[in-house]
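Participant: Each residue of the sequence shown is one higher than the one before, starting from 257 at the first, in the working numbering.
Here a beta-carbon is modelled for each residue, glycine too, at the ideal position from N, C-alpha and C.
First the structure, then my questions, so here it is.
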Amino acid sequence: MVSYDKIGEALVAAGKREEAHAAYQKSLVIAQQLADGDKGNARWQRVLSVSYDKIGQVMVATGEREEALAAYQKGLAIAQQLADLDKDNAEWRSDLAVSYENTGNMLMATGKRERALAAYQKSLAIRQQLADSDKGDAQWQRNLALSYANMGNMLMAGGKREEALAAYRKTLAIFQQLADSDKGNANWQHDLAISYEKVGDVLVAVGQREEALATYQKSFAIRQQLADRDKGNAQWQRDLSIGFGKIGDGLAAEDRREEALVAYQKSLAIAQQLADRDKGNAQLQRVLTVSYERIGNALVD
Numbered sequence: 257m258v259s260y261d262k263i264g265e266a267l268v269a270a271g272k273r274e275e276a277h278a279a280y281q282k283s284l285v286i287a288q289q290l291a292d293g294d295k296g297n298a299r300w301q302r303v304l305s306v307s308y309d310k311i312g313q314v315m316v317a318t319g320e321r322e323e324a325l326a327a328y329q330k331g332l333a334i335a336q337q338l339a340d341l342d343k344d345n346a347e348w349r350s351d352l353a354v355s356y357e358n359t360g361n362m363l364m365a366t367g368k369r370e371r372a373l374a375a376y377q378k379s380l381a382i383r384q385q386l387a388d389s390d391k392g393d394a395q396w397q398r399n400l401a402l403s404y405a406n407m408g409n410m411l412m413a414g415g416k417r418e419e420a421l422a423a424y425r426k427t428l429a430i431f432q433q434l435a436d437s438d439k440g441n442a443n444w445q446h447d448l449a450i451s452y453e454k455v456g457d458v459l460v461a462v463g464q465r466e467e468a469l470a471t472y473q474k475s476f477a478i479r480q481q482l483a484d485r486d487k488g489n490a491q492w493q494r495d496l497s498i499g500f501g502k503i504g505d506g507l508a509a510e511d512r513r514e515e516a517l518v519a520y521q522k523s524l525a526i527a528q529q530l531a532d533r534d535k536g537n538a539q540l541q542r543v544l545t546v547s548y549e550r551i552g553n554a555l556v557d
């Protein structure tokens, strides 16, 4: 079973999703046999839950959302049973929170917003308990921040901007604490930059333009530091391009169109370099497309 899992992971990394799915299915069959052979063995039950999650992840990657949702729900049912068996088991509680989050993501993707919101709320409640139980555990804190971010995304999609803003601000507060606790941790700095950006997006949507621009500038400053620290890191350079774009959006919202155009052109210059360097990368090509579109809109204005 573990061997099939390893092969599946390698195939996913190589972009061979259909073959990865086949490998994970073989692993799942064995996991099901083990779990059915000893229903009281919590280890086998947890392994089966994880197998369903892996199947779900591959189905998401191949765009088969309903199938992914079905797999995540099966994993969730097992995770719920395990968590109910031992309510003090932090690992199982964390697994349950992840299962609720995965299920919520797919419910959202398939247009089932009310059920998605309920799943996110359950995940958030568990993560809040875990984070409160050990405030020094950075992973629990980060997971809690991600749950608030999911809630924010859900609320924004539903047009509840003020509530979304409150959720994003909670995410921002946690990531600010984590980033301040270890200024050399690039991942936490990156999380903080994204949190500022999310808050800025909502501020633009509710018409608080000056505050939105200031928030985008804070996000950009972090991204600039990360990009300067490692100029060969394509992810940080891509984020810097996005940062220039957000600054441009903030300036455009304030009718500072010439300044916005300059920011968009800087965004485009970076996006062009990255896209030229990796022509097969669809994500980079998309960033380049967005950059051209922004400049076009700015020139029309």
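Check the C-beta distance from residue 505 over to residue 460 and give it rounded, since I have them as a contact under 8 Å.
Facilitator: 7 Å
Participant: What are the start and end residues of the alpha helix (DSSP H) that includes residue 512?
Facilitator: In the DSSP assignment, residue 512 falls outside any alpha helix (DSSP H) and carries neither an H nor an E.
Participant: With a 10 Å radius around its C-beta and 16 neighbouring C-beta atoms as the bar for buried, classify residue 358 as buried or exposed.
Facilitator: buried
Participant: Let me make sure I understand the geometry here. Which of 346, 356, 271 and 272 has the alpha-carbon closest to that of residue 309?
Facilitator: 356
Participant: What residue range is occupied by the uninterrupted alpha helix (DSSP H) comprising residue 406?
Facilitator: Element bounds for residue 406: 394-413.
Participant: Would residue 446 pass as a contact of residue 482 if the rule is Cβ separation under 8 Å?
Facilitator: It is a contact, given that the beta carbons lie within the stated cut-off.
Participant: Any idea what DSSP makes of residue 464, helix, strand or coil?
Facilitator: coil
Participant: Measuring alpha carbon to alpha carbon, tell me which of 337, 262 and 273 ends up nearest residue 297.
Facilitator: 337
Participant: Ignoring anything shorter than 4 residues or poking outside the region 277-340, list the alpha helix (DSSP H) runs there in chain order.
Facilitator: For the region 277-340, whole alpha helix (DSSP H) runs of length 4 or above, ordered along the chain, are 298-317.
Participant: In chain order, what residues of the same chain lie with their CB nearer than 7 Å to the CB of residue 531, ignoring the 5 residues before and after it?
Facilitator: 540, 541 and 544
Participant: Have a look at residue 384 and residue 430 and give me their C-alpha separation to the nearest angstrom.
Facilitator: 12 Å
Participant: Alpha carbons only, please: which of 410, 435 and 513 is nearest the one belonging to residue 395?
Facilitator: 435
Participant: In the DSSP assignment, find the alpha helix (DSSP H) that holds residue 351 and state where it starts and stops.
Facilitator: That run of the alpha helix (DSSP H) goes 346-365.
Participant: Please determine if the region 312-322 and the region 340-351 are in contact, where contact requires at least 3 C-beta pairs separated by less than 8 Å.
Facilitator: no
Participant: Take residue 303 as the anchor and find which of 326, 479 and 286 has the nearest alpha-carbon.
Facilitator: 286
Participant: Can you check whether the CB of residue 469 is closer than 8 Å to the CB of residue 510?
Facilitator: yes
Participant: Identify, in the order they occur along the chain, each residue of the same chain with its Cβ nearer than 6 Å to the Cβ of residue 387, setting aside the five sequence neighbours on each side.
Facilitator: 396, 397 and 400
Participant: Beta carbon of residue 411, beta carbon of residue 419: below 8 Å?
Facilitator: yes
Participant: DSSP three-state label for residue 501, please.
Facilitator: helix
Participant: Of all the options 462, 325, 389 and 552, which has the alpha carbon lying nearest to the alpha carbon of residue 372?
Facilitator: Looking at the Cα atoms, 325 is the closest of the given residues.
Participant: Just to confirm before moving on: does the CB-CB distance between residue 404 and residue 362 stay below 8 Å?
Facilitator: no
Participant: Taking the alpha-carbon positions, what's the residue 454 to residue 501 distance?
Facilitator: About 14 Å.
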